[in-house]
Structures are given as structure tokens and as C-alpha cells.
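Protein chains in written order, with the numbering used here: chain A, 1 to 333; chain B, 334 to 626.
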């Protein structure tokens, strides 16, 4: 009898040690990637199980991009961060030294496996005849966009407008400043995050046009009802590059580096790219982009490097206290 | 002084109880708050002043304290009426209404904010009637006052209610039979009795409103210089990784709130003391009895 029990205990122990190798990763992300990572996590778990025999569980955390970065700085044990802009991951490197400051060069495409752009969502029938950026500064047009000081997504919105005006005027900064000043004079509500602005526009009926990420707008238009909203694609816009990185200090402490690294690399694989495309993010892979070309409107895209240098420069010049956004905003009052 | 305090109590354990109280308050309140001061002290005096006196910060103090004051005043007035009705009258559904008063306590503030915004937005139940009249409620300062009034509702009602319950109906009848008219009964007999409790309720409602964040951010529109409350400004600074700036504003809020609460507490002690003195003059026997005791 005792032997039998010992035998069972031994088997149980062996199975726990041998087969129960279970890795848990925490992916700290921003708001509109919920649907993307729901699909991607399931696909990666399957891929990893086949490849290594290891079970992997991925926990997700979503919220405003800067808020999420702050949680990681303050000690949230994220193995991976997938945030809306490189500046937020820079902040984790600078303030908490959890990863090296050259993190962006460690993965292809500046560590940005999928991209998006900034477009407009208007009410059905486009009653205000909004076609391009210039229509947003017309008197009487009410524009909904979140506060670029609190929302990472809104900083892309702002830079898209800035870039449009800057390029149109052939690089005249005073014209660009004038443009964003008029644009924000037309904004009646400044929500603190992108999802808040979507709610204000969709549910509260505020505003004539919502400046939104393409993936949010496509998701919104396709799932909230095509009969209520229309997508308007401006002539040019910015290439939004959400960034991803492994958090070195955390993965080394937890011993999860190999899995975390593979998790991010798999995002660049054909399967990963296809999942991103299905969730309306523009894939980097030319082949996958071609396959899904129909769903992505044709926009001339410029990058942040074309109009504002890198994120640190953009942050200091536009969004820091006393920066251009503060100046044009106070002048409007 | 200490000796006197000791003598008054029949039960032993003054030292232990006081020690426990000090420890408890330190752990819960003093230590976290002093951390705020410590963080803010990383700024030089000039930097600190520059942050806390900026145009945007001053506009937010005015809104936060102004709207909280208005909301607490509304609650003081209507809270007294609600408490009076709930204590003095019997009507069907009284228990239900009584529990409704506590709802703003229990409801997550975000839910309250979203619900109020839905109702007062230009396409909401109330908003669609107010908007044509040119009254913008959601996304304006009025919206902030509405949200703060909602969250502060229970305080005055719940502090005044027990006092009114203790106040015998006979007192009013006595006043009437001694020739006081209705207004005199209310102003000279009832109000002095409930005033200290009402002031406590007022200061609690005010304090709660000053610190309120969750419900306001949904309804206010969050426009800097116009509808941005101070707690939101603090969060905004945090989102920009400006920890020192956020704590500087927090220190201003702390000091201002503490000064206001202290003033109200002193006012309340004064009105309570005046009441006791008035009673002592009117009813010498009671005073003597209390002195003897």
C-alpha cells in the first residue's frame, strides 16, 4: 500500500516537474490593442507549445499608454511592453533603467512590428462636408480629439495635423502653429484618453468629426455600425509606429527572456502580421499588406522623423509644459 | 490638563488608547502625506512657486474650490430639508428614500460620472431640453457642480438626521406655546440645535468634493483653464512623468484643504459652544446638574 502511494507521489511529482513547465508573461499594452492581443496570444501559445513543449500563459494589461508606462516604472512586473509610442518606452529606460536606451534598435523596423495612421470618422452622410485637414479648422466645425498631454494616441493626432500644415506650407513653422491653434479652438471636449474621445463622439453625440487611429476607426465603423458613421481619409497623414520591447530587468529576474523575446519576434512572422492586419493594423510585411490592401485606404504617409525629429525632441518642443501645445492653447482662451 | 483628562474617564487605558490612535493616524495619514511633502521638497522654492502659481494651476484651484463650495452649499440647504422630511414625516416609501440617500456613497464614482454625463449631454434626457435654452450642462463648469453635488449629497443628511431625531417635538410645541411664530421656531430653536451637525456635514461634503476625481472627469470636458479640476491637473502631470510638479500642486491642495477644514471645525466648535452657553442661561437647573456631575 505504502509503495503504491509512493509510486503515485513519484509520478505526480515527475509530471509536475517535467510536463508542467508553465511560463507566464505579462504584456503591458495600451488601450486599443485588446482585440489584437487576444487573438495573438492564443496563436503564440499554440506556436510555442509546438516548438518547445512549454505551456505559456500571457496576461494582458491595457490602459492609456503613458499610464501603463508609469505603472511599469513604479514596479509593475511587465515582461513585455507594447505601447503607443516610443517615447513611453524611452521613459521606462530613462527613469527606471529597466531596459537599455538603445532598445529601439534591437528589433526590425525600429521595434515597431505593425503601424497605423490617423484618419477621420464623421457622422453618416458627412453633413459638414469634411474631406481633408483644412476642413477641420473651418469655423463651425466641432472636432473631437483627446488631450495630447495625457494621451499618447492624441500626440500622433496632433503631430499628423502639424505635419500636414508644415509640409503644405513648405516647412513654415509659424503656419503649422497657426493651423494647430485653429484646430484646437474647434475642440469642445478634451478627454484624457483615446477611448474616452471615441465615447464622447459616438455615444454622447458631441462633435462633427473624430480624429482617430485608423485601426480604431475601422474597428469602430465596422462594429459600431456602418449606418451611423463614415470614414474620411485625408490626403496625407502620419505613419504611427507603436513600439514593442522586452523589459530586460524583469525577464532576467523571472527567467523568461527566451519566451518574451520569441513572443515579440513572432509578431514579425507571417502569422503574426496576418493577425495584426485582421485587427486593422497595417502590417510591415509587404506580402501580408498586399493581401489585405483592400481594407487599408491609400494615404500618403510621412514619418515623425520627417516633421519633428525623434520623440524626445517632439515631446520637449510640443508637449512639455510651456511647449507649443500649451502656448497655442493658452492663446486661444 | 492631562491629569484632568485622566480623571474624567472611569475606564483605564488612556495612554494605550492615545498611543494606538497616534500610531494608527500616523500609518494611515501622516506618513503618506509627509512623503508628498518630501517629494515636493526636491524642487527649489522658485520652481515650486512657478509651478503652483502658473496660470493653469490657479484656474484649476478656482474651479475646484469654487465648485466644491457651491456644491457643498447646495447640499447644506437641501440636505437640511431632506433630513427634516425623513425624520419628521411618515410617508409610504420612506425607507426606500432613506436608503437612496446613501447611494452616492456606494456607487463607484466613475459610474456616477458616466450616468450623469449620459443624462446631461446635449443628446441626453435632461441635456436635450436644456441645450435649446442655451444652458450647457455636461462639458461645462455647471457639469462639475452637478457631479460634486451628487457625490456630496449624503453628508449633510446623515450628520443632521440623528440630531433632529434627538430633538423632541415637544421643544417645538413649547416654543409655539410660549408665543414664538413659525419662523422664530425654526430660526431660534431648531437651527441653533442642528447648526454644528450641519456644519460638520458641510465640511465633509466640501472635503469630499475637493478631492473628487472619478465622476468629474467624465462630465467636465477637461478643458485646461476652463473646466480642468485640480486633481485632473495632478494626474496630467503624472502622465507626463512630472512627479515633482504633481506633488507641488498636491501640497497646495493639502494645505488649502486643511486650512479650510480647520476653519470650519473652529466655526463649528464656536457654534456648539454658543449653543451650550445659551442652554445654560435658559435652563439653570440643567447647568447646575451638569456642574455637579
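A virtual CB, placed ideally from N, CA and C, is assigned to each residue, including glycine. From a predicted model like this one, the values you see are computed outputs, not experimental measurements.
Residue i: contacting residues in chain B (beta-carbon distance under 8 angstroms)
{"i": "residue 189/A", "result": "472, 554, 555 and 556"}
{"i": "residue 112/A", "result": "Chain B residues near residue 112/A: none, gap ~21 angstroms exceeds 8 angstroms."}
{"i": "residue 70/A", "result": "571, 572 and 574"}
{"i": "residue 95/A", "result": "574"}
Cβ pair residue i, residue j closer than 8 angstroms
{"i": "residue 532/B", "j": "residue 486/B", "result": "no"}
{"i": "residue 153/A", "j": "residue 78/A", "result": "no"}
{"i": "residue 107/A", "j": "residue 239/A", "result": "no"}
{"i": "residue 396/B", "j": "residue 567/B", "result": "no"}
{"i": "residue 119/A", "j": "residue 209/A", "result": "no"}
{"i": "residue 48/A", "j": "residue 262/A", "result": "yes"}
{"i": "residue 146/A", "j": "residue 207/A", "result": "no"}
{"i": "residue 257/A", "j": "residue 244/A", "result": "no"}
{"i": "residue 558/B", "j": "residue 546/B", "result": "no"}
{"i": "residue 87/A", "j": "residue 315/A", "result": "yes"}
{"i": "residue 183/A", "j": "residue 122/A", "result": "no"}
{"i": "residue 113/A", "j": "residue 284/A", "result": "yes"}
{"i": "residue 54/A", "j": "residue 29/A", "result": "no"}
{"i": "residue 324/A", "j": "residue 317/A", "result": "yes"}
{"i": "residue 542/B", "j": "residue 484/B", "result": "yes"}
{"i": "residue 72/A", "j": "residue 98/A", "result": "yes"}
{"i": "residue 375/B", "j": "residue 577/B", "result": "yes"}
is_contact[residue i, chain B] using C-beta, thresh 8 angstroms
{"i": "residue 171/A", "result": "no"}
{"i": "residue 15/A", "result": "A caution first: residue 15/A carries a pLDDT of 47, below 50, which makes its placement in the model too unreliable to give a value."}
{"i": "residue 150/A", "result": "yes"}
{"i": "residue 331/A", "result": "no"}
{"i": "residue 204/A", "result": "yes"}
{"i": "residue 157/A", "result": "no"}
Of the residues the options, the one placed nearest residue i, counting alpha carbons only
{"i": "residue 181/A", "options": "137/A, 148/A and 202/A", "result": "137/A"}
{"i": "residue 134/A", "options": "169/A, 302/A, 52/A and 308/A", "result": "169/A"}
{"i": "residue 433/B", "options": "605/B, 491/B, 515/B and 604/B", "result": "491/B"}
{"i": "residue 534/B", "options": "519/B, 494/B and 448/B", "result": "494/B"}
{"i": "residue 403/B", "options": "482/B, 355/B and 431/B", "result": "482/B"}
{"i": "residue 304/A", "options": "327/A, 188/A and 117/A", "result": "117/A"}
{"i": "residue 223/A", "options": "208/A, 22/A, 202/A and 268/A", "result": "202/A"}
{"i": "residue 583/B", "options": "358/B, 372/B and 419/B", "result": "372/B"}
{"i": "residue 527/B", "options": "385/B, 377/B and 605/B", "result": "605/B"}
{"i": "residue 301/A", "options": "94/A, 51/A, 156/A and 149/A", "result": "156/A"}
{"i": "residue 575/B", "options": "220/A, 98/A and 321/A", "result": "321/A"}
{"i": "residue 80/A", "options": "251/A, 328/A and 221/A", "result": "251/A"}
{"i": "residue 297/A", "options": "310/A, 306/A, 282/A and 309/A", "result": "282/A"}
{"i": "residue 552/B", "options": "590/B, 517/B and 473/B", "result": "473/B"}
{"i": "residue 231/A", "options": "132/A, 328/A, 269/A and 306/A", "result": "132/A"}
{"i": "residue 66/A", "options": "588/B, 581/B, 592/B and 573/B", "result": "573/B"}
{"i": "residue 459/B", "options": "428/B, 479/B and 369/B", "result": "479/B"}
{"i": "residue 598/B", "options": "569/B, 540/B, 581/B and 359/B", "result": "540/B"}
{"i": "residue 221/A", "options": "309/A, 63/A and 198/A", "result": "198/A"}
beta-carbon residue i near the ligand HEM non-hydrogen atom, thresh 7 angstroms
{"i": "residue 83/A", "result": "Inclusion of the ligand HEM in the displayed structure is not the case, the ligand content being empty and no account of it being possible."}
Which of helix, strand or coil DSSP assigns to residue i
{"i": "residue 355/B", "result": "helix"}
{"i": "residue 625/B", "result": "The predicted position of residue 625/B is uncertain, since its pLDDT is 44 and thus under 50; a value taken from the coordinates is nonetheless stated next. Reduced to three states, the DSSP call for residue 625/B is helix."}
{"i": "residue 28/A", "result": "strand"}
{"i": "residue 336/B", "result": "For residue 336/B, the pLDDT reaches just 47, beneath the cut-off of 50, and the residue's location in the model is therefore unreliable, although a value from the coordinates is still provided. Helix, per DSSP."}
{"i": "residue 23/A", "result": "strand"}
{"i": "residue 232/A", "result": "strand"}
{"i": "residue 397/B", "result": "helix"}
{"i": "residue 210/A", "result": "strand"}
{"i": "residue 525/B", "result": "helix"}
{"i": "residue 90/A", "result": "helix"}
{"i": "residue 330/A", "result": "helix"}
{"i": "residue 593/B", "result": "helix"}
{"i": "residue 566/B", "result": "helix"}
{"i": "residue 514/B", "result": "coil"}
{"i": "residue 313/A", "result": "helix"}
Minimum Cβ-Cβ distance from residue i to chain A less than 8 angstroms
{"i": "residue 572/B", "result": "yes"}
{"i": "residue 455/B", "result": "yes"}
{"i": "residue 550/B", "result": "yes"}
{"i": "residue 563/B", "result": "no"}
{"i": "residue 442/B", "result": "no"}
{"i": "residue 354/B", "result": "no"}
Proximal chain B residues relative to residue i, where beta-carbon distance stays under 9 angstroms
{"i": "residue 91/A", "result": "574"}
Interface residues of chain B facing residue i [CB-CB closer than 7 angstroms]
{"i": "residue 67/A", "result": "572"}
{"i": "residue 192/A", "result": "550 and 555"}
Residue i: contacting residues in chain A (beta-carbon distance under 8 angstroms)
{"i": "residue 450/B", "result": "204"}
Anything in the segment 128-151 of chain A with a Cβ closer than 7 angstroms to a Cβ of chain D? List those residues in chain order, please. Of the protein chains in the structure, A and B, none is chain D.
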